[in-house]
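Enquirer: Once you've had a glance at the structure underneath, I'll fire off some questions.
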Amino acid sequence: MKAEAATKPAATTLRMKKKLKGSNDNNLAGYIFISPWLLGFLLLTLWPIIQSFYLSFTEYSLLEAPTWTGTDNYVNIFTNDTDFTTSLKVTFLFVLFSVPLKLFFSLMVAIMLNKNLKGMNLYRTAIYFPSLIGGSIAVSALWRNMFNLNGYFNHVLAWFGIQGIGWITNPHTSLGTLILLNTWQFGSTMVIFLAGLKQIPQELYESASVDGASKVRKFFHITLPMLSPVMFFNLVLGIIGSFQMFTSAFIITQGGPINSTYMYALFLYDKAFKHYQMGYASALAWILLVIVALMTAINFLVSRYWVFYETDGGKQK
Amino acid sequence: MLAGLLALTACGSGGANNEEQNAPNDSGNGDSNAAVKLKIMWQGPDTRHQAMLKTQEVYTSKHPSVTFSPEYMAWDDYWKKLPTLAASHSLPDVLHMDGAYIHEYATRGTLEDLSDIDLSGVIDDKTLENLKIDGKLYGIPISRNAQGVAFNKEALEAAGIELPKKDWTWDEYFDFARNARAKLPEGVYPINDSNTWDHYQYYQTAHGKGPIIQEAGKKFNLDKELFMKFYGIHEEFRKNKIVPPADMVSSFKENDPQADPMASGKVMTRGASVGSVGALELLMPGKVDVVNVPVGPEGGGWAQPTIFLSVSTDSKHKDAAKAFIKWFVTEKEAGETYGLNFGIPIYDEIYAALEPNLAPKDKLGKKMYDTAKDKALPFYPAAAGWTEWVDSYKKTIDAVMFGQKSIEDAYNEISKSGNAIAEKQSAK
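From first to last, the protein sequence lines stand for chains F and Z. Just so you know, we're using our numbering here: the first sequence kicks off at -13 and counts up by one. Just so you know, we're using our numbering here: the second sequence kicks off at 49 and counts up by one.
Here it is, written out as structure tokens:
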């Protein structure tokens, strides 16, 4: 800024200075107005983030002051920690199954709810309703009671003479049960899809019908491409959310049995608040950040091959 | 979100770097009229919370200048919350400590030395001497506690099974299980499977091989022969349905009316302590009886104080806090209010005053203490920094339970991680 100004004639500089000063005053007022939020962000978000980066290079038990250990935490995590690889594997499995399932399921429901039927608003409300309580502790507790050895689900199975197993206490089915729970909480994804569907111009369908396109063809050649930005949005958020999955694993299975649902976020929590290894946990948090950032970057890179924006005018890339 | 949370706790420690807060400590020094508000925290079941709140009311009525700001929660939440409070130097003035954790907090300088509280005639010197850590008393024991085994007397008698007797040996315990299997209906199991380190440790110490974690965490001692034998027997029991299947074992939750191994009617026995057996009695009134932990040539189980009241080094009202603790353990009026909610009150005169009016659940606690104390070995907690190993022990044995790991592999893994921690702690 300064260097640029120096090359200009003095008068202009003066005027500019005045202008700048004026604009600075305005900015100041602006900053004061947003200061509650800004202070909150700087002190409660940015500063802790910087601190956690520092802590990731220390050994810190919470009870004693942190001691600098260099890259020890990172080296240990990558070379010497089977829980790290296990939890990463479990988390990737979870993301791999739960995200596509949830997208598919919520899209199907959104399409059904997009039909012009009598009382559709009632259906929409009813179907969205469970999402109001969302991924809360209460839902997790309910799920635990449903799929426990003595759960409601097994009671229903017993009517048909089937002897149920402990769905959440059996290492073969526990992760699947959590994936099912995550899929069931499709409400917000579904609403976004529904809004996307409403945006698709009817004329496209009409002209396709005139040309004799079948329903399936219309879905694949109009609905899906027109919906791709919304799909992309849901996909990115879904992946980020699934990587940070914590509540239901914590409440329902506590990572067990035998680590079969030991989500990364839960592992991180255990390190921090159960084993008092804040430094190690901070390092884990930063690794998770890098993984999520990488996944998101890959998504954005790949998106140019399948996401279609109306503003692009349909040009092929 | 977690990253933020982590960082947040980090933030709290920023200002506190090692600077001992040497706040002037004048409250309670003679000037008893100065109003003091003591922050106090404890953990436990609801009945204990109510009793504790009432005890504080009584104290305030006797000492109007002292009021309380109480906070209480369940065991798990309590030990999650304390570290963050300790890190931000905001521990309460008076706090509940446990034998399993007191070393961790004492050796890190968060607890005040309470040796100067005069307890002569209330707690004998030998008991106090045994509880000292590096020559200092970091918590005043408030009760006698012991570990034992609770069993479903009613159901066992109905099935014509001989009841466990005081000082039964581990072999008798296993035989009891084998015999009971034959007489119990299908779907009901004599004993529970074993997947925690402390349960196996009872077996090891009873057979004279000493505790697993020694020298304050610097030495690791897992006896291979006993380990293989103990888990070999449990493997045989799994095959013969003497213990419940693995997925049932993982679904148990103690003191939950439907999921408690005993209260649900699925298992005939389970471990309990003096302070906790009352909760089980309330779930199945009149059906519970108790016996001590099976013994070996060396003895078995433990019977000693494990519940303490401590004072934080950050407290600004240390004298008032100490005065309250002294009153708590020595005054009959206090003991009559909190009763047996912390176990058997440490001061015999208080217990004597309570004895004529004990509820059945309290009598059961007393019986457990009396059966345990003859053969009791010391209480061997995990040392500071071993919680991670404790967790991985359970996970490894769970894998054995589910048939995914051999006992030998489990032994090797558990030894490897135990030795690694011991080595790390020796290097410090």
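Just so it is clear, CB atoms sit at the ideal spot from N, CA and C, and this is done for glycine as well. Here the structure is a predicted model, which means the values were calculated and not measured.
1. Are the stretch 356 to 371 of chain Z and the stretch 229 to 237 of chain Z touching by the rule of at least three beta carbon pairs closer than 8 Å?
2. Is the CB-CB distance between Phe376/Z and Ala382/Z below 7 Å?
3. CA-CA distance, Gln230/F and Ala458/Z?
4. So, Met316/Z versus Leu425/Z, is the Cβ gap smaller than 7 Å?
5. Nearest to Gly323/Z by alpha carbon, out of Lys301/Z, Lys335/Z, Thr444/Z and Ala351/Z?
6. With Asp418/Z as the anchor, note down where its alpha helix (DSSP H) starts and where it stops.
7. So for Ser440/Z, helix, strand or coil by DSSP?
8. Which residues in chain Z have a C-beta closer than 8 Å to the C-beta of Pro243/F? List them in chain order.
9. Could you tell me the distance, in whole angstroms, from the CA atom of Val288/F to the CA atom of Tyr250/F?
10. Here's a check: name, in chain order, each residue in its chain whose Cβ is nearer than 7 Å to the Cβ of Ile462/Z, leaving out the five neighbours to either side.
11. From what residue to what residue does the beta strand (DSSP E) around Arg290/F run?
12. Got a sec, what are the start and stop residues for the beta strand (DSSP E) Gln195/Z sits in?
13. Within 10 Å of its beta-carbon, does Gln188/F have 16 or more other beta-carbons around it, so buried, or fewer, so exposed?
14. Checking 7 Å against the spacing of the C-beta atoms, do Gly147/Z and Asn340/Z come in under that value?
15. Output needed for Gly56/F: all residues of its chain with C-beta closer than 7 Å, excluding positions within five of it in sequence on either side, in chain order.
16. Please go through the same chain and pick out, in chain order, the residues whose beta-carbon is closer than 7 Å to the beta-carbon of Val438/Z, but skip the five residues on each side of it.
17. If I measure Cβ to Cβ from Arg110/F and keep anything under 8 Å in the same chain, skipping five residues before and after, which residues do I get?
18. For Tyr399/Z and Ala327/Z, I'd like the C-alpha separation in whole angstroms.
19. Below 8 Å on the Cβ atoms is my guess for Leu176/Z versus Leu167/Z; work out the distance and round it to an integer in Å.
20. Please give me, in chain order, every unbroken run of the alpha helix (DSSP H) with length at least 4 that falls completely inside the stretch 101 to 157 of chain Z.
21. Use the C-beta contact count for Ala279/F: other C-beta atoms within 10 angstroms, 16 or more gives buried, fewer gives exposed.
22. Closest by CA to Ala135/Z, which one among Tyr46/F, Asn66/F, Gly227/F and Met106/F?
23. Which residues does DSSP list as the beta-bridge partners of Met89/Z?
24. Can you list, in chain order, the residues of its chain with a C-beta nearer than 6 Å to that of Thr163/F? Leave out the 5 residues immediately preceding and following it.
25. Along chain Z, in chain order, which residues have C-beta atoms closer than 8 Å to that of Gly152/F?
26. Using a beta-carbon distance below 7 Å, is Glu45/F in contact with chain Z?
27. Assign Ser195/F to buried or exposed, taking buried as 16 or more other Cβ atoms, counted over all protein chains shown, within 10 Å of its Cβ.
28. At 7 Å on the CB atoms, spell out the chain F contacts of Arg156/Z, in chain order.
29. So with CB distances below 8 Å, who are the chain F contacts of Glu471/Z?
30. Closer than 8 Å by C-beta to Val325/Z: which residues in its own chain qualify, once you throw out the five before and the five after it? Chain order, please.
31. Checking contacts by CB at 7 Å: is Lys464/Z closer than that to chain F?
32. If you reduce the DSSP assignment to three classes, tell me which class Val525/Z lands in.
33. Quick check on the DSSP output: the alpha helix (DSSP H) that includes Ser228/F runs from which residue to which?
34. Assuming Arg192/Z and Ile394/Z make a contact with CB atoms under 8 Å, what is their CB distance in whole Å?
35. Using 7 Å as the threshold, is the C-beta distance between Pro157/F and Ile237/F below it?
36. Taking Phe275/Z as part of the beta strand (DSSP E), name the residues at either end of that continuous run.
Expert: From the atom records:
1. no
2. Looking up residue 376/Z in the second sequence gives position 328. Looking up residue 382/Z in the second sequence gives position 334. Their beta carbons are under 7 Å apart, which means Phe376/Z touches Ala382/Z by this criterion.
3. As a first step, residue 230/F is located in the first sequence; it is residue number 244 there, counting from the start. As a first step, residue 458/Z is located in the second sequence; it is residue number 410 there, counting from the start. C-alpha separation (whole angstroms): 31 Å.
4. The residue given as residue 316/Z occupies position 268 in the second sequence. The residue given as residue 425/Z occupies position 377 in the second sequence. Taking 7 Å as the Cβ cut-off, Met316/Z and Leu425/Z do not qualify as a contacting pair.
5. Counted from its first residue, the second sequence places residue 323/Z at position 275. Here the closest residue by C-alpha is Ala351/Z.
6. What you label residue 418/Z is simply residue 370 of the second sequence in a count that begins at 1. It spans Pro408 to Lys421 - the alpha helix (DSSP H) in which Asp418/Z sits, taken as one unbroken run.
7. If you number the second sequence from 1, residue 440/Z lands on position 392. The answer is helix: DSSP assigns Ser440/Z an H, G or I state.
8. Numbered from 1 along the first sequence, position 257 holds the residue referred to as residue 243/F. The contacting residues are Ala294, Asp295, Ser298, Asp446 and Phe450.
9. Along the first sequence, one-based indexing puts residue 288/F at 302. Along the first sequence, one-based indexing puts residue 250/F at 264. Straight-line Cα distance between these residues: approximately 25 Å.
10. Start at 1 with the first residue of the second sequence, and residue 462/Z comes out as number 414. Leu270, Tyr441 and Thr444, listed in sequence order.
11. The residue given as residue 290/F occupies position 304 in the first sequence. No beta strand (DSSP E) holds Arg290/F; DSSP gives it neither H nor E.
12. Stepping through the second sequence from its first residue, residue 195/Z is reached at position 147. Start and end: Ser191 to Asn200.
13. As a working note, residue 188/F is residue 202 in the first sequence. Its Cβ having fewer than 16 others within 10 Å, Gln188/F is exposed.
14. Your numbering for residue 147/Z matches position 99 in the second sequence. Your numbering for residue 340/Z matches position 292 in the second sequence. Result no, Cβ atoms of Gly147/Z and Asn340/Z do not sit closer than 7 Å.
15. Position 70 of the first sequence holds residue 56/F. Phe43, listed in sequence order.
16. Indexing the second sequence from 1 puts residue 438/Z at position 390. Cβ neighbours of Val438/Z beyond the five flanking positions: Trp245 and Ala430.
17. By one-based count along the first sequence, residue 110/F stands at place 124. Taken in chain order, the residues that qualify are Leu99 and Leu180.
18. Working through the second sequence from its first residue, we reach residue 399/Z at position 351. Working through the second sequence from its first residue, we reach residue 327/Z at position 279. Distance between the alpha carbons of Tyr399/Z and Ala327/Z is about 20 Å.
19. Reading the second sequence from its first residue, position 128 is the one you call residue 176/Z. Reading the second sequence from its first residue, position 119 is the one you call residue 167/Z. Rounded, the Cβ-Cβ distance is 7 Å, consistent with contact.
20. 123 to 135 and 150 to 154
21. As a position in the first sequence, residue 279/F is number 293, starting the count at 1. So Ala279/F counts as exposed.
22. Taking the first residue of the second sequence as position 1, residue 135/Z is located at position 87. The candidate whose alpha carbon is nearest that of Ala135/Z is Tyr46/F.
23. The residue given as residue 89/Z occupies position 41 in the second sequence. Per DSSP, Glu119/Z and Leu143/Z.
24. For the purposes of this step, residue 163/F is taken as the residue at position 177 of the first sequence. The beta carbon of Thr163/F sits closer than 6 Å to those of Phe133, Trp153 and Ile154, all from its chain and outside the five residues before and after it, given in chain order.
25. Here residue 152/F corresponds to residue number 166 of the first sequence, with the count starting at 1. What Gly152/F touches in chain Z: Asp295, Met296, Ser298 and Ser299.
26. If you number the first sequence from 1, residue 45/F lands on position 59. Not closer than 7 Å to any Cβ of chain Z, the Cβ of Glu45/F fails to qualify, so no.
27. Sequence index remark: in the first sequence, residue 195/F carries index 209 (1-based). So Ser195/F ends up on the exposed side.
28. Here residue 156/Z refers to the residue found at position 108 when the second sequence is read from its first residue. Under the 7 Å cutoff, chain F gives Leu49 and Glu50.
29. Taking the first residue of the second sequence as position 1, residue 471/Z is located at position 423. Those do not exist, as Glu471/Z stays about 13 Å from chain F at its closest Cβ, beyond 8 Å.
30. Residue mapping note: residue 325/Z aligns to position 277 of the second sequence, counting from 1. Closer than 8 Å at Cβ, skipping near neighbours: Gly196, Ala198, Val336, Val338, Lys409, Leu412, Gly413 and Met416.
31. Walking along the second sequence from the start, residue 464/Z turns up at place 416. So, not an interface residue.
32. For chain Z, the structure presents residues 49 to 476; residue 525/Z sits outside this window and is missing.
33. Within the first sequence, the letter at position 242 stands for residue 228/F. That run of the alpha helix (DSSP H) goes Leu210 to Phe229.
34. Stepping through the second sequence from its first residue, residue 192/Z is reached at position 144. Stepping through the second sequence from its first residue, residue 394/Z is reached at position 346. The Cβ separation is near 6 Å, so the contact holds.
35. Here residue 157/F corresponds to residue number 171 of the first sequence, with the count starting at 1. Here residue 237/F corresponds to residue number 251 of the first sequence, with the count starting at 1. Against a cut-off of 7 Å, the Cβ pair of Ile237/F and Pro157/F comes out as no contact.
36. Counting from one through the second sequence, the residue named residue 275/Z turns up at place 227. Counting along the chain, Phe275/Z falls outside any beta strand (DSSP E), though it belongs to the alpha helix (DSSP H) covering Lys272 to Lys287.
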